[in-house]
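Student: My numbering applies: residue 6 is where the sequence shown begins, and numbers increase by one. Glycine included, each C-beta is placed from N, C-alpha and C at the ideal position. In this text, all values refer to a predicted model and were calculated from it rather than measured experimentally. Below is one structure. I have some questions about it.
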Amino acid sequence: LQEEFIEAGMGCNNPVRYLVEEAGKQFGPERTVSCIISIGTEKPKVAGFKAPGLFQRVLPLELIQVLADMATDTEASAMEARFRNCAGLYHRLNVERGLEEVSLEEWGKLGDIKQHTMAYLSDNVVSRRIDVIVDALVGKP
6 LQEEFIEAGM
16 GCNNPVRYLV
26 EEAGKQFGPE
36 RTVSCIISIG
46 TEKPKVAGFK
56 APGLFQRVLP
66 LELIQVLADM
76 ATDTEASAME
86 ARFRNCAGLY
96 HRLNVERGLE
106 EVSLEEWGKL
116 GDIKQHTMAY
126 LSDNVVSRRI
136 DVIVDALVGK
146 P
């Protein structure tokens, strides 16, 4: 069994905005979205910038990555703020910590990813959030 993994890339790590736009196109403005579930890969680590070495002074790749990380985090925060007053509409599930060292190219570390995901899902607070999501999906108030 072979699985395929696709990376969203810069600017689309939390594509909820596009989802809402597409739902409007597909179903028309008279229909409303009743539940959005956004599944993330992890809460972002604190962005930091080390003192640049000689190579970094010429081509500051680390600075570019820090700025990209900040932009991605800002996008997710904006989505959460947008739906803050719509109780029960927007749900974000995100492993808290532990995957910071697993880069996008290291998809072979699925065991690590699974272990952190299972630990996240077994948390009581997360379990209650999932119950709320299930209720929203089946139409319970």
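Taking 8 angstroms as the limit between beta carbons, can you name the residues of its chain near Ser132, skipping five residues before and five after?
Tutor: Answer for Ser132: Leu126, listed in chain order.
Student: Would you identify the three-state DSSP class for Ala52, choosing helix, strand or coil?
Tutor: Note that Ala52 scores 47 on pLDDT, short of 50, meaning its location in the model is unreliable and no value can be drawn from it.
Student: If you draw a straight line from the alpha carbon of Cys91 to that of Ala141, how long is it in whole angstroms?
Tutor: 12 angstroms
Student: Can you give the Cα-Cα distance for Gly144 and Ala28, rounded to whole angstroms?
Tutor: If you take the alpha carbons of Gly144 and Ala28, they lie about 19 angstroms apart.
Student: Can you tell me the Cα-Cα spacing of Leu98 and Arg36, whole angstroms?
Tutor: Their backbone Cα atoms lie some 25 angstroms apart in a straight line.
Student: Let me check one thing: in DSSP terms, what residues is His96 bridge-paired to?
Tutor: Ile42
Student: Could you work out which residue in Gly116, Val21 and Asp128 is closest to Ile41 when comparing CA atoms only?
Tutor: Val21
Student: In angstroms, rounded to a whole number, what distance separates the CA positions of Arg134 and Glu26?
Tutor: 25 angstroms
Student: Classify Tyr95 as buried or exposed, calling it buried when 16 or more other Cβ atoms lie within 10 Å of its own Cβ.
Tutor: buried
Student: Can you grab the Cα-Cα spacing for the pair Thr122 / Gly45, in whole Å?
Tutor: 11 angstroms
Student: Does the beta-carbon of Asp136 have 16 or more other beta-carbons within 10 angstroms, so that it is buried, or is it exposed?
Tutor: exposed
Student: Quick check: what's the CA-CA separation for Gln120 versus Asp128?
Tutor: 13 angstroms
Student: Just reading off the alpha helix (DSSP H) that Asn1 is part of, what are its end residues?
Tutor: The chain is shown only over 6 to 146; residue 1 falls outside these bounds and no answer can be derived.
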